[in-house]
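Reviewing the structure listed below.
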Amino acid sequence: MKGEAVYILGGLRTPITHRGGALAHVRPEELGSTVIRALLARYGLPANALSGVLAGNAVGTGGNLARLTALLAGIPEEVPACTVDMQCASAAAAISLAAAKLASGQGELFLAGGMESASLQPLRIYAEHDPRYSLVPGGAYKTAQFAPGDVAPDAMLKGAERVMEAEQVTRAELDAFVLRSHHLAGEAVKQGLLADVIVPVGDCRRDSGIRPRLSQRLLDRLLPHFGPGTLLDAGNACAIHDGAAFLLLANGDFLRRHSLQPAARIVATAAVGGRPDESPRGAMRTADVLLHRQGLRYENLAAIEFNEAFAVIDVLFDRAHPGCLARYNRLGGALAYGHPYGASGAIIALHLLQSLKLAGGGLGLLSIAGAGGMGEAILLERMAGGNVVNPDRGEVRAHA
7 MKGEAVYILG GLRTPITHRG GALAHVRPEE LGSTVIRALL ARYGLPANAL
57 SGVLAGNAVG TGGNLARLTA LLAGIPEEVP ACTVDMQCAS AAAAISLAAA
107 KLASGQGELF LAGGMESASL QPLRIYAEHD PRYSLVPGGA YKTAQFAPGD
157 VAPDAMLKGA ERVMEAEQVT RAELDAFVLR SHHLAGEAVK QGLLADVIVP
207 VGDCRRDSGI RPRLSQRLLD RLLPHFGPGT LLDAGNACAI HDGAAFLLLA
257 NGDFLRRHSL QPAARIVATA AVGGRPDESP RGAMRTADVL LHRQGLRYEN
307 LAAIEFNEAF AVIDVLFDRA HPGCLARYNR LGGALAYGHP YGASGAIIAL
357 HLLQSLKLAG GGLGLLSIAG AGGMGEAILL ERMAGGNVVN PDRGEVRAHA
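Following the numbering used here, the numbering of the sequence shown begins with 7 at its first residue and continues without gaps.
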């Protein structure tokens, strides 16, 4: 990034649980504040050291949930907080905004991430004089409008089906990635690869969506959501979940003064829009733009994380870059873990850091599609052991 160098100190997340599951009665601000308190404690940082809190949220009650979350976490009222709504890409957008603030000298330490409780998603009602009132029963809705002229609650699902049809995706291609995601996530749990980034919430300590023994036989029994001749089903579309995740972002001066070792440097970010009725394309489209701007190719990356809200996202990536599959969603993806909308960008950032650790360092890319045809991508460079912040240039270099 241009301007002052920006680093990720580290991050944590809650377990990711199904809607109506173990976290069903925990408000999103409680999920977020649990992570924030644990994250500050892990690094021994006082809450008054923060320059701000940026948090994504997509289906909560509104009213600046980031501020409510910060206050609940015990952060001083003088520290500002802002809620970001880019739907599925909200947390990634919050991280990008925090990085931009740091790069432009608007602070030294930020919390950025997101929280979501699909279980507590409120029912809303259009005003009676709003033309949309007559388009839905009783004027009530849960899913926001993502494009002009379309208030369908299943617009995202229709968009995924539309992309699959346009690209002539096969059921076999989709099923292969569903099985891959659950298998890799199951192996990650078995090996404890994410154990150090998950903070318990009460008695809840584990992700609930991973099915390591998922079989083709079970997938064959799933009925297509839109009826015979269509492809979208409960296996190749992620389920609905609750969860929260946050990262600590800092500049070099702060890290030096507090003798802290960064986990990664943020190299660049990008946000790109496209057709609102084909939102799954946003992940690779945004990643392509970011890499092009940096003069890089996927082959230059040590790890890649796309939020696989739909398996078609994986299929499109594999078709375009088959030689990079081994470094793609190395720990499994959202088809297994789940997708707590406003938190997912921070979740895959944590998974990317762990994947880069497995790879021994290097460049890593995360990208996430958002409702309305949006996308957010972030390019990271992992700081290997023994790296220090250069006190003169604000950069990270390795000891000789």
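Beta carbons: idealized from backbone N, C-alpha and C, even for Gly.
Got a sec? Which residues, its chain only, sit under 6 Å from Ser125 by beta carbon, not counting five neighbours each side?
Around Ser125: Arg25, Gly26, Ala30, Asp248.
List the DSSP bridge partners of Cys88.
Its beta-bridge partners are Leu60.
Could you tell me which whole alpha helix (DSSP H) segments of length 4 or greater appear in the region 175–261?
Listed in chain order, they are 177–197, 222–226.
Mark Asn131 as exposed unless 16 or more other C-beta atoms lie within 10 angstroms of its C-beta, in which case mark it buried.
One point to set straight first is that residue 131 is Ile, not Asn, in the sequence displayed. Burial call: exposed.
From this set, Pro206, Glu167, Val203, which residue's C-alpha is nearest Gly233's C-alpha?
It is Glu167.
Check this for me: beta carbons of Gly215 and Ala342, under 9 Å apart or not?
Against a cut-off of 9 Å, the Cβ pair of Ala342 and Gly215 comes out as a contact.
Helix, strand or coil: how does DSSP classify Ile101 here?
Three-state result, Ile101: helix.
Classify Asp283 as helix, strand or coil using the three-state DSSP reduction.
Three-state DSSP puts Asp283 in coil, outside helix and strand.
Where do the N-terminal and C-terminal ends of the alpha helix (DSSP H) with Arg299 fall, by residue?
Start and end: 288–300.
In terms of DSSP beta bridges, what is Gly370 paired with?
In DSSP, Gly370 forms a bridge with Ala309, Leu386.
Under 8 Å Cβ to Cβ from Arg211, same chain only, skipping five residues before and after it: list those, please.
Cβ within range, chain order: Pro21, Ile204.
Shortest alpha-carbon distance to Leu200 belongs to which of Leu364, Glu387, Tyr147, Asp259?
The residue with the shortest Cα to Cα distance from Leu200 is Leu364.
Pick from Asn54, Gly50, Leu60, Pro52: whose alpha carbon is nearest that of Ala251?
It is Leu60 whose Cα lies nearest to the Cα of Ala251.
CA-CA distance, Ala390 and Leu190?
Cα-Cα distance, rounded: 24 Å.
Answer yes if the region 299–318 comes into contact with the region 343–353, meaning at least three C-beta pairs across the two stretches below 8 Å, and no otherwise.
As far as the Cβ criterion goes, the region 343–353 touches the region 299–318, which means the pair count is three or higher.
Would a C-beta distance cut-off of 9 Å place Ala375 and Ala95 closer than the cut-off?
It is a contact, given that the beta carbons lie within the stated cut-off.
Mind the definition here: the region 72–89 touches the region 27–47 only if three or more C-beta pairs lie below 8 Å; say whether that holds.
The region 72–89 is in contact with the region 27–47.
Going by the CB atoms, is the gap between Ala377 and Ala161 shorter than 9 Å?
The answer is yes: Cβ separation under 9 Å.
Should Val41 be counted as a contact of the ligand GDP given a C-beta to heavy atom distance under 8 Å?
Of the ligands one can find in the structure shown there are none, so the ligand GDP has no counterpart to examine.
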